[in-house]
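Undergrad:
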Amino acid sequence: MVLNFMKLAKINTDRNLETCGVLAGSLKNRKFYVTALIIPKQESTSDSCQTTNEEEIFEVQDKQSLFPLGWIHTHPTQSCFMSSIDLHTHYSYQIMLPEAVAIVMAPRDSSRPHGIFRLTTPGGMSVIRQCDRRGFHPHDEPPDGGPIYKSCPDIYMNPNLKFDVIDLR
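Following this line, the structure appears as structure tokens:
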């Protein structure tokens with residue numbers, strides 16, 4: 001799926017613009033499966049991406065009985081990490097579904113070209129919940145001294161899993 005996403009993002013990536021998508025899917029046998037990659041209409045800069053026409057995303061998810069399981073986006077000019085804007089974006093997914101993930105694709109980061117992340121619980125979730133700042137900004141460390149977000153080693157990327165690409169752009 002990540003390779004398909006990077007193909008869809010190539011035009012933007014070549015122009016140093018971010019691209020984002022929604023990971024949607026289903027719950028089977030107590031496991032979530034991403035079965036759809038939704039590419040919404042969006043506005044992009046070199047270090048941000050904002051979906052527009054969100055009602056179209058909800059309509060697709062509703063018609064196909066899909067859960068929003070997370071999101072994916074590129075960092076065309078940066079390394080693989082979660083920016084403060086990314087943390088706030090991901091909070092809205094994870095507050096609805098604790099298992100939600102954020103995938104960052106950083107094609108120019110030779111040491112880590114992609115990462116799968118989640119806010120820490122309760123630390124990172126608490127810090128972001130209490131933060132009302134917008135734009136790029138620093139965050140305080142969680143009270144427990146841990147990180148705000150972490151990599152997700154529990155996610156299995158099955159290259160044989162079938163999925164739909166729904167490009168709404």
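Residue numbers (full-length UniProt numbering): 1 to 169.
Note that the Cβ used here is the ideal one computed from N, Cα and C, for glycine as well.
None of these values were measured; they are calculated from a predicted model.
#1: Say whether the segment 13-20 touches the segment 67-74, bearing in mind that this needs 3 or more beta-carbon pairs closer than 8 Å, one atom from each stretch.
#2: Would the segment 76-89 and the segment 58-66 be scored as touching if the rule is three or more Cβ pairs under 8 Å?
#3: Taking the alpha-carbon of G145 as reference, which of Y156, I11, V127 and S110 has the nearest alpha-carbon?
#4: Quick one, which of A36, V101 and L27 has its alpha-carbon nearest V165's?
#5: Determine whether the beta carbon atoms of C152 and R108 lie at a separation below 8 Å.
#6: Pick helix, strand or coil for G135, following the three-state DSSP scheme.
#7: To the nearest angstrom, how far is the alpha carbon of I57 from that of R169?
#8: Need the endpoints of the beta strand (DSSP E) that L37 sits in, please.
#9: So, for I116: in the same chain, excluding its five sequence neighbours on each side, which residues have a beta-carbon less than 6 Å away from its beta-carbon?
#10: Is DSSP giving T45 helix, strand or coil here?
#11: To the nearest angstrom, how far is the alpha carbon of H139 from that of L8?
#12: Can I38 and V60 be called in contact, C-beta distance under 8 Å?
#13: Anyone know if the C-beta pair for T120 and P142 falls short of 8 Å?
#14: So what does DSSP say about A106, is it helix, strand or coil?
#15: Under 7 Å: does the beta carbon of R108 sit that close to some heavy atom of the ligand MN?
#16: Quick check on the DSSP output: the beta strand (DSSP E) that includes L23 runs from which residue to which?
TA: This is what the structure gives:
#1: yes
#2: no
#3: Working through the sequence shown from its first residue, we reach residue 145 at position 145. The shortest C-alpha separation from G145 is found at V127.
#4: What you label residue 165 is simply residue 165 of the sequence shown in a count that begins at 1. For the residues A36, V101 and L27, the minimum Cα distance to V165 belongs to A36.
#5: Counting from 1 along the sequence shown, the entry for residue 152 is found at position 152. Counting from 1 along the sequence shown, the entry for residue 108 is found at position 108. No, they are not a contact pair.
#6: Here residue 135 refers to the residue found at position 135 of the sequence shown. The answer is coil: DSSP assigns G135 none of H, G, I, E or B.
#7: Within the sequence shown, the letter at position 57 stands for residue 57. Within the sequence shown, the letter at position 169 stands for residue 169. CA-to-CA, the gap between I57 and R169 works out to about 11 Å.
#8: Working through the sequence shown from its first residue, we reach residue 37 at position 37. Element bounds for L37: K31 to I39.
#9: Indexing the sequence shown from 1 puts residue 116 at position 116. Within the same chain, I116 has close Cβ partners V101, I103, C152 and I155.
#10: As a working note, residue 45 is residue 45 in the sequence shown. Coil, per DSSP.
#11: Counting from 1 along the sequence shown, the entry for residue 139 is found at position 139. Counting from 1 along the sequence shown, the entry for residue 8 is found at position 8. Whole-angstrom Cα-Cα distance: 32 Å.
#12: Position 38 of the sequence shown holds residue 38. Position 60 of the sequence shown holds residue 60. Yes, the pair counts as a contact, with Cβ atoms nearer than the cut-off.
#13: Translated into the one-based positions of the sequence shown, residue 120 becomes position 120. Translated into the one-based positions of the sequence shown, residue 142 becomes position 142. Their beta carbons are under 8 Å apart, which means T120 touches P142 by this criterion.
#14: For the purposes of this step, residue 106 is identified with residue 106 of the sequence shown, where counting begins at 1. The answer is coil: DSSP assigns A106 none of H, G, I, E or B.
#15: Summarising the ligand content, the structure contains no ligands, and the ligand MN is consequently not present.
#16: Locating residue 23 in the sequence shown gives position 23, where the first residue counts as 1. Element bounds for L23: C20 to K28.
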